[in-house]
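Visitor: Please find one structure pasted underneath; my questions will follow.
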Amino acid sequence: MLLNLRSKYFFFGLLLLMIGCNPAEVEEGATAFAVQKMPDKIDFNFHVKPILSDRCFHCHGPDDNSREAGLRLDTKEGAFAALGDAKDHYAIVAGSLEESSLIERMYTDDPEMMMPPPESNLSLSDYDKAILKQWIEEGAEWKEHWSFIPPQKPSVPAVDNKGWASNDIDRFVFNKMDKAGITPSPQADKAHLLRRLCFDLTGLPPTLEQMDAFLEDESPDAVENLIDDLLETDAYAEHMTAKWLDLARYADTHGYQDDLERVMWPWRDWVIHAYKKNMPFDQFVTWQLAGDLLPNPTREQLIATAFNRNHKITQEGGVIPEEYRVEYVADRTQTFGIAFLGLTMECSRCHDHKYDPIYQKDYYSLYSFFNNIPEEGLIPNYGVTPEPFITLTDEEIESTLSFINNIDSVENIELMVMQEMEKPRQAYVLNRGGYDNYGDPVGPSTPAAVLAFEEDLPANRLGLAEWLTDEDNPLMARVTVNRLWQQLFGRGIVATPEDFGNQGSLPTHPDLLDYLAVKFIEDGWDVKKMVKFIAMSSTYQQSSVIPKELLEKDPENLLLARSPRKRLEAEMIRDHALSIGGLLVEQVGGPSVKPYQPEGLWAETTGGGGGSTSRYVRDTGSKLYRRSLYTFWKRTLPPPNMMTFDAASRDFCIVKRQNTSTPMQALILMNDPQIIEAGRALADRAIQAAPANLEDRMTYMFRLSTSRYPTPEETSELKAYFGEELKRFSASEEDAKAFLGIGEYKVEADLEIDEMAAYAILANAIFNLDESITKS
């Protein structure tokens, strides 16, 4: 019976997956519906460059080995250069179609002259040709890559649908919708909007008290008051920290073969603290990059720099220490590039970047900033904290570092941090990336294509932080607000948050992105204010119901005419189960904990070092029910239930997780002891809260799991399912005992064992609904 209820969600989800399975078809379809109308003014970055990149760069792009006819269209100098032995003709002549051989080549019927050539299997559509023609007629204005141009606050579009727009976000979004001939969706019903806001802002489901209060609140400020309340919770700070841990590649072990335990959780406590007090983001980043270089740095500022030491460190015998030390510096460099610039800096480690104006010298000049700490490439002895580190005493924590939750009252905690060497280590271009293959010496500097590093800045990480947060830096604010947008919408305005370069996605709403970036700086890099601004928009609060016509016109929701449907992330699924079961321990901070996981996994994969990570010793009591943020993270074998739901491995900086759908995920939801135990606890809560009858108890469980009341049809199917399971458990007391014996939680309800088991499996079945693990 329950299978029928679940299947209607499953097959609808499968249909959506089938619709969007071919990215090439989606991109072509998106172009077809979104830009049929010729723009009033051609923009090189958004109209011309994508055509050249897709149709021309294979033969006339950055690759010297495949370039033909001496024509290069990926640079301004190449595109306007004189061609031929006599240097008497040009591919592009601004304002002159007759003198531009590109026009002749793309309109000719002669296969020997046609561009792209027929054998390339590439072609230009009539629309493509019209764009290139109009661009040349308008003067062929060439621009640097869009993300390297500092954002300017654009004019907010005037829109006809003023009743829909709640703030300026909506005006930008509606303007693009209107041009495509579509209209926005209505606001989501209050139950779904509450659920969406709770998960997006705190990572936790709404409580029944929140549901009842919000549904009864008819005031015009109900949504804003809810957002304000959520942003002030510890849960918000923990949720934001969970996102930051992926980016910061946080783990509780060193990685590599032996993968010994490390102590980095005090830094995690600091991140929670920083988000809770809403530290300005530029300060948040500066302290992590260079807190040790601030004048008279405090212990808190030193703790923040542990961000740079979250990378893997080896303790394996036989390695070459200098080779691994270079890897650590490279990790910090690449993390900086992805996290704050949205650039694939690692591509220029061995050679000049193939697609972006980042040279190998740029890479090692940036590398030079992170090359000056007195660290070793090899941990000399097991259990030793790699230098440099600071020692935090229990007395110091109690007196001045109260944000650190030293639950176990450890007297001395050694935490790896950053410390600049008195004499900077000379950096070199490393030919082909080899650790000992020295090329030219380089000093600290930044890619000039992004923003020149001014001479008056300190030539160290503090100067780098000042460069990064300079209002003229074209990337930092854009990259940050794009990630915040991605957090709430599931997809950034730039769909490739790790790559704002030439090979990355173009922004779907470039003016909106620039507006948000400039606003973020003007508002003092206030993260809570930006999150609230996005959440208060009508764009965010739309229904996720997908009308057929909208699905056909905009299958990928690029125009934002509806709210996206998105499965909860790994941590949210587990925390959701614990929360509705009344098991979640709301203690903030402290050392990592070890909840349920399959027995023997660590022992089977131990590399040989032994120590505390050779065998998994599960915690007991309240430690089993801490938020997933605090789950112990072993790099060589991360928590398997979370990895199955696409959590990041934490081996390197990740700013966007995968989103897969696999049978293993269903198996975890049906068999993970944590989920089964939480279901039993949920059933126990329901029985005690609604002692009247089956339907009341079932409704209680359903509301906690899905944030809404069940329909009569759903109620009927769930009742039938309960009856079947009660009959089965009544026939086998052993099965009932076995099922109720999973996990430590002991039920308090005074029911016969078969009835209790039937309620517990009903709760588990409700949590297995697709709607239960989806935020909208």
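Under my numbering, the residues of the sequence shown are numbered 453 to 1228, in order.
Every residue gets a Cβ at the ideal spot worked out from N, C-alpha and C, and that includes glycine.
According to the Cβ coordinates, are Tyr1048 and Gln1126 closer than 8 Å?
Guide: For the purposes of this step, residue 1048 is taken as residue 596 along the sequence shown, with counting starting at 1. For the purposes of this step, residue 1126 is taken as residue 674 along the sequence shown, with counting starting at 1. Yes, the Cβ-Cβ distance between Tyr1048 and Gln1126 is below 8 Å.
Visitor: Buried or exposed: where does Ser1113 fall if 16 or more other Cβ atoms within 10 Å of its Cβ makes it buried?
Guide: In the sequence shown, the residue the question calls residue 1113 occupies position 661. Answer is exposed; the Cβ neighbour count stays below 16.
Visitor: Go through the segment 654-737 residue by residue and report every complete run of the alpha helix (DSSP H) that reaches 4 residues or more, in order.
Guide: If we require 4 residues or more, the alpha helix (DSSP H) runs fully inside the segment 654-737 come out as 660-668, 674-683, 686-699 and 717-728.
Visitor: Note down, in chain order, each residue of its chain lying with its Cβ closer than 6 Å to the Cβ of Thr991, except the 5 sequence neighbours on either side.
Guide: Here residue 991 refers to the residue found at position 539 when the sequence shown is read from its first residue. So the qualifying residues of the chain are Ile621, Asp622, Val625 and Leu1012.
Visitor: Pick out whichever of Ala632, Leu914 and Asp951 has its Cα sitting closest to the Cα of Leu818.
Guide: The sequence position of residue 818 within the sequence shown is 366, counting from 1. Nearest option by C-alpha distance: Leu914.
Visitor: Quick one: using the 10 Å Cβ neighbour count with 16 as the cut-off for buried, is Pro949 buried or exposed?
Guide: Here residue 949 is taken as the residue at index 497 of the sequence shown, counted from 1. Pro949 comes out buried.
Visitor: Express the C-alpha separation of Leu656 and Ile1032 in angstroms, rounding to a whole number.
Guide: As a first step, residue 1032 must be located in the sequence shown, where it is residue number 580. As a first step, residue 656 must be located in the sequence shown, where it is residue number 204. Cα to Cα, the separation comes out at about 9 Å.
Visitor: Using CA coordinates, which residue listed in Pro569, Arg647 and Leu1146 is at the minimum distance from Glu661?
Guide: The sequence position of residue 661 within the sequence shown is 209, counting from 1. Of the candidates Pro569, Arg647 and Leu1146, the one whose C-alpha sits nearest the C-alpha of Glu661 is Arg647.
Visitor: Count the other CB atoms within 10 Å of the CB of Thr960; is the residue buried (16 or more) or exposed (fewer)?
Guide: In the sequence shown, residue 960 corresponds to position 508, counting from 1. Classification of Thr960: buried, given that the 10 Å Cβ count is 16 or more.
Visitor: Considering only their Cβ atoms, is the gap separating Leu1214 from Met1116 smaller than 8 Å?
Guide: For the purposes of this step, residue 1116 is taken as the residue at position 664 of the sequence shown. For the purposes of this step, residue 1214 is taken as the residue at position 762 of the sequence shown. Result no, Cβ atoms of Met1116 and Leu1214 do not sit closer than 8 Å.
Visitor: To which residues does DSSP link Leu882 through a beta bridge?
Guide: The residue labelled residue 882 in the question sits at position 430 within the sequence shown. Beta-bridge pairing links Leu882 to Tyr890.
Visitor: DSSP three-state call for Val1267: helix, strand or coil?
Guide: Outside the displayed range of the chain (453 to 1228) lies residue 1267, so it cannot be described from this structure.
Visitor: With DSSP as the reference, identify every bridge partner of Tyr815, one or two as the case may be.
Guide: The residue you call residue 815 lines up with position 363 of the sequence shown. According to DSSP, which records beta bridges pairwise, Tyr815 is partnered with nothing at all.
Visitor: Pull up the CB-CB distance for Met1153 and Asn619, whole angstroms please, since I reckon it's below 8 Å.
Guide: Your numbering for residue 1153 matches position 701 in the sequence shown. Your numbering for residue 619 matches position 167 in the sequence shown. Actually they do not touch by this definition, with Cβ atoms about 37 Å apart.
Visitor: Say yes only if the C-beta of Asp681 is nearer than 7 Å to one or more non-hydrogen atoms of the ligand FMN, and no if none qualify.
Guide: The model depicted lacks the ligand FMN and carries no ligand whatsoever.
Visitor: Quick check: Gln767 and Ile810, are their CB atoms within less than 8 Å of each other?
Guide: In the sequence shown, the residue the question calls residue 767 occupies position 315. In the sequence shown, the residue the question calls residue 810 occupies position 358. Contact flag unset, no.
Visitor: By DSSP's criteria, Tyr1082 is part of a beta bridge. Which residues make up the other side?
Guide: Walking along the sequence shown from the start, residue 1082 turns up at place 630. Per DSSP, none; premise fails for Tyr1082.
Visitor: With a CB to CB cut of under 6 Å and the five nearest residues on each side skipped, what residues in its chain are close to Ala543?
Guide: Locating residue 543 in the sequence shown gives position 91, where the first residue counts as 1. So the list reads Leu523, Ser553 and Leu554, once near-sequence residues are dropped.
Visitor: Of the residues Glu550, Ile503 and Gln639, which one's Cα is nearest the Cα of Ser575?
Guide: For this step, residue 575 is matched to residue 123 along the sequence shown. The candidate whose alpha carbon is nearest that of Ser575 is Ile503.
Visitor: What runs of the beta strand (DSSP E), each 3 residues or longer, lie entirely inside the segment 1043-1076?
Guide: Those beta strand (DSSP E) runs which fall completely within the segment 1043-1076 and span 3+ residues do not exist here.
Visitor: Quick one: grab the DSSP three-state call for Glu774.
Guide: Residue mapping note: residue 774 aligns to position 322 of the sequence shown, counting from 1. Three-state DSSP puts Glu774 in a helix.
Visitor: On the CB-based measure, 16 or more other CB atoms within 10 Å of its CB, does Leu1119 come out buried or exposed?
Guide: Here residue 1119 refers to the residue found at position 667 of the sequence shown. That one is exposed.
Visitor: What did DSSP end up calling Ala1212 once you bin it into helix, strand or coil?
Guide: If you number the sequence shown from 1, residue 1212 lands on position 760. The answer is helix: DSSP assigns Ala1212 an H, G or I state.
Visitor: Could you tell me the alpha carbon to alpha carbon distance between His644 and Ser1224, rounded to whole angstroms?
Guide: Within the sequence shown, the letter at position 192 stands for residue 644. Within the sequence shown, the letter at position 772 stands for residue 1224. Approximately 12 Å, taken between the alpha carbons.
Visitor: So what's Asn857 in DSSP terms, helix, strand or just coil?
Guide: Indexing the sequence shown from 1 puts residue 857 at position 405. Correct three-state label for Asn857: coil.
Visitor: Among residues of its own chain, excluding the 5 on either side of Asp966, which ones have a beta-carbon nearer than 8 Å to its beta-carbon?
Guide: Looking up residue 966 in the sequence shown gives position 514. Closer than 8 Å at the Cβ level, and outside the excluded window around Asp966, lie Pro603, Gln604, Lys605, Pro606 and Arg930.
Visitor: Determine the direct distance from the alpha carbon of Ile998 to that of Cys473, and round the result to whole angstroms.
Guide: For this step, residue 473 is matched to residue 21 along the sequence shown. For this step, residue 998 is matched to residue 546 along the sequence shown. With a pLDDT of 35 at Cys473, under the threshold of 50, the predicted position of this residue should be treated as unreliable, though the coordinate-derived value follows. Each residue's Cα considered, the two are about 18 Å apart.
Visitor: From the DSSP output, which residues share a beta bridge with Thr921?
Guide: Here residue 921 is taken as the residue at index 469 of the sequence shown, counted from 1. Answer by DSSP bridge pairing: none, since Thr921 is not bridged.
Visitor: Any idea what DSSP makes of Leu1113, helix, strand or coil?
Guide: Mapped onto the sequence shown, residue 1113 falls at position 661. Leu is not the amino acid found at residue 1113; the sequence shown has Ser there. The answer is coil: DSSP assigns Ser1113 none of H, G, I, E or B.
Visitor: Would you call the CB atoms of Leu432 and Leu682 closer than 8 Å?
Guide: Coverage of the chain is limited to positions 453 through 1228, which leaves residue 432 absent and any answer about it impossible.
Visitor: I'd like the list of long-range same chain contacts for Tyr1211, defined as Cβ closer than 6 Å, with 5 residues on each side in sequence excluded.
Guide: Along the sequence shown, one-based indexing puts residue 1211 at 759. Ala1135.
Visitor: What are the boundary residues of the beta strand (DSSP E) that Glu866 is part of?
Guide: To locate residue 866, count along the sequence shown from 1; it is residue 414. Looking at the DSSP string, the run of the beta strand (DSSP E) that includes Glu866 is Asn864 to Met868.
Visitor: Within the continuous beta strand (DSSP E) that includes Phe841, where are the two ends?
Guide: The residue labelled residue 841 in the question sits at position 389 within the sequence shown. Residues Phe841 to Thr845.
Visitor: Would Gln1110 be called buried (16 or more neighbouring beta carbons within 10 Å of its own) or exposed?
Guide: Looking up residue 1110 in the sequence shown gives position 658. Answer is exposed; the Cβ neighbour count stays below 16.
Visitor: Roughly how many whole angstroms lie between the Cα atoms of Leu1178 and Phe1191?
Guide: Translated into positions along the sequence shown, residue 1178 becomes position 726. Translated into positions along the sequence shown, residue 1191 becomes position 739. Roughly 13 Å separates the two Cα atoms.
Visitor: Need the endpoints of the alpha helix (DSSP H) that Arg557 sits in, please.
Guide: Residue numbering aside, residue 557 sits at position 105 when the sequence shown is read from its first letter. Start and end: Ser553 to Tyr559.
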